[in-house]
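Since the structure comes first, as structure tokens, the remarks are kept for the end.
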Amino acid sequence: MDIIQEVEAILGYGDTCNHCLGRFFGKRSFGLTNEERGRALRVAHELAANEPHHEPDPESCWICGGELSRTEEWAKRVVEAVDGIEFETFLIGTKVPPLVAESEEMVWSDLSLRDPEPMKAEMNREVGKVVSALSGKTADLKKPDVVAILDLGESTVEVQVNPVFFVGRYLKYERGIPQTHWDCRACRGAGCEKCNFTGKQYADSVEELIGRPAIEAFSAANAVLHGAGREDIDARMLGSGRPFVMEIEEPRKRSVDLAALEEEINREAAGRVAVHLEGWADRKKVQSLKSDKAHKKYRILVEIDGSVTPDEFRAALDQLKGVTIRQRTPNRVSHRRADKVRERQVLDIECTGSVDGRYWVEVVGEAGLYIKELVSGDNGRTQPSLAQILGRTASVVSLDVVLVKTANEYGE
């Protein structure tokens, strides 16, 4: 079947607009719109059949119902929908009614067409051209700031604002603050007497202390903190801080001064949390942060049940240095983590002093090493442990994270 015969067969299905006729051959030739391609094919068919020229009514098209002749209207609706949202790049997406998709696919299959273009592809491209002309913004297929979804069946435009990411390090000076927001265990966030109807297990979190000023600055819906690991709620995060990426969801502003935002976060956190913002990031940075297992250095105060001389204590620590520790999921977190045995190495451990019969210890461990259990043994769930080596009960009185470095920073 040659191309003229294919055109005749297509027109035999019913009234077909030039856009849709051209789309059935959309991947043939270049430099033409589908409407131009369709008109040329219609004229060629009419010449071959010696028929008078007939310009179709787009509204009577049995496939698109005239939608492809209304791209300017759709573009204006997109521009209205994104009004008030700061963006530089955009992408158009289209939801085509199932009947339309089935109709064009039936023709492709019946006639074994080799070069058709789907209706949604033409809508995306042609509406995108007009939106770009009206707004002065640029279409971006890979990383658009906003995505406008045209729902042809519902005749609506849905705008999805893609998140903004920035990277930095945070310090936590106050114990009792979790890294991220926790819903109340009793009501699961609904609000009850137990949580004073806040829906929260804890009044504040690092995520919220950083996120609240960020949400305001970006006029955003929410802020989600992605940290390089996490410290216990009763541990401080000191030293150079913990690396994090903050994901700002549905921002209406994007060009925010990070230096000013850093200052505002630190002012509002009032010495409880502090940040140093290093720059902009993207989704890949979040994935990298999560996959790159960081080593941590801890400073802990250890209490021993009974007298232990400094020499005995240091000798016990030496037996842990460089050793691989087998740790079954600690009792204290077993309600929210899988019960399994993990192997983690103690990279370095040393005593740095003592106070009131207690010992200051600095530990460098692989990511995931449970420090409190390394000391206490957790009733035999961690082996070896300081308590096991000393033959006495041992516990951590206080714990601070003083350094977080990725494996790459360690030269691994």
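For the sequence shown, our numbering assigns the number 194 to the initial residue and increments by one for each residue that follows. Note that the Cβ used here is the ideal one computed from N, Cα and C, for glycine as well. The model shown is predicted, which means the values in this text are computed figures rather than measured ones.
Residue environment, residue i, which counts as buried when at least 16 other CB atoms sit within 10 Å
| i | result |
| --- | --- |
| Glu260 | buried |
| Gly219 | buried |
| Pro371 | buried |
| Met299 | exposed |
| Arg235 | buried |
| Asn572 | exposed |
| Met194 | exposed |
| Glu536 | exposed |
| Asp593 | buried |
| Gly420 | buried |
| Thr575 | buried |
| His374 | buried |
| Arg529 | exposed |
| Gln520 | buried |
| Phe437 | buried |
| Lys365 | buried |
| Glu605 | Since pLDDT at Glu605 reaches only 43, below the 50 mark, its modelled position is unreliable, and the value read off the structure follows with that caveat. Exposed, since its Cβ has fewer than 16 Cβ neighbours within 10 Å. |
| Ile196 | exposed |
| Asp308 | exposed |
| Pro337 | buried |
Residue i (DSSP reduced to helix, strand or coil)
| i | result |
| --- | --- |
| His419 | strand |
| Glu605 | Any reading at Glu605 needs caution, since the residue's pLDDT is 43, under 50, leaving its predicted position unreliable; the model's value is listed next. Here Glu605 sits in coil by DSSP. |
| Ser398 | coil |
| Trp255 | coil |
| Arg574 | coil |
| Ser591 | strand |
| Trp375 | coil |
| Lys565 | helix |
| Asp427 | coil |
| Ser547 | strand |
| Val293 | helix |
| Gly224 | coil |
| Ala202 | helix |
| Phe217 | coil |
| Asp511 | helix |
| Thr502 | coil |
| Ala332 | strand |
| Trp558 | Strictly speaking, residue 558 in this sequence is Gly, with Trp absent from that position. Looking at Gly558 - three-state DSSP - the assignment turns out to be strand. |
| Lys483 | helix |
| Ile542 | strand |
Neighbourhood of residue i by C-beta, 6 Å cutoff - its chain only, sequence neighbours within 5 removed
| i | result |
| --- | --- |
| Glu367 | Arg465 |
| Lys446 | Glu279, Phe411, Ser412 |
| Val554 | Ile493, Val495, Cys544 |
| Gly404 | Ala416 |
| Ile285 | Asn317, Val320, Gly321, Ala341 |
Per DSSP, the bridge partner or partners of residue i
| i | result |
| --- | --- |
| Pro436 | Arg362 |
| His488 | Lys598 |
| Glu442 | Asn415 |
| Ala531 | For Ala531, which the question treats as bridged, DSSP gives no partner whatsoever. |
| Asp341 | This sequence places Ala at residue 341; Asp is not what is there. DSSP, once it has assigned bridges, lists Ile285, Val352 as partnering Ala341. |
| Arg537 | Ile518 |
| His469 | Arg362 |
| Leu494 | Trp553, Ser591 |
| Ser268 | Looking at the sequence provided, one finds Ala at residue 268 rather than Ser. Answer is none; Ala268 lacks a bridge partner. |
Sub-8 Å separation of residue i and residue j beta-carbons
| i | j | result |
| --- | --- | --- |
| Leu540 | Glu559 | yes |
| Ala274 | Val352 | yes |
| Tyr363 | Gly432 | no |
| Val323 | Glu265 | yes |
| Thr287 | Leu343 | yes |
| Glu611 | Val360 | No answer is possible for residue 611: it lies beyond the span of the chain, which begins at 194 and ends at 605. |
| Leu334 | Glu199 | no |
| Leu418 | Val449 | no |
| Ala452 | Leu402 | no |
| Cys210 | Pro245 | no |
| Pro311 | Glu297 | yes |
| Gly346 | Pro290 | yes |
| Glu443 | Ala396 | no |
| Thr282 | Lys313 | no |
| His238 | Asn227 | no |
| Ala202 | Leu304 | yes |
| Val479 | Glu440 | yes |
Sequence-distant residues of the same chain with beta carbon closer than 7 Å to residue i, five excluded per side
| i | result |
| --- | --- |
| Gly384 | Phe390, Thr391, Gly392 |
| Arg551 | Leu494, Val495, Glu496, Val590 |
| Arg507 | Cys544 |
| Lys514 | Val539, Asp541, Ile542 |
| Gln581 | Gly570 |
Residue i: CB within 7 Å of a non-hydrogen atom of the ligand ADP
| i | result |
| --- | --- |
| Lys269 | This structure lacks the ligand ADP, and indeed carries no ligand of any kind. |
Close-in-space but distant-in-sequence residues of the same chain around residue i (CB under 8 Å, 5 per side omitted)
| i | result |
| --- | --- |
| Leu327 | Ala268, Lys269, Val272 |
| Val548 | Leu494 |
| Tyr603 | Below a pLDDT of 50, predicted positions are generally treated as unreliable, and Tyr603, at 44, falls in that range; the measurement from the model is reported next regardless. Once the five neighbours on either side are set aside, the close Cβ partners of Tyr603 are His488. |
| Leu583 | Ile497, Val501, Glu505, Phe506, Ala509 |
Chain C within 8 Å of residue i, Cβ atoms only
| i | result |
| --- | --- |
| Gln353 | You won't find chain C in this structure, because it holds only one protein chain. |
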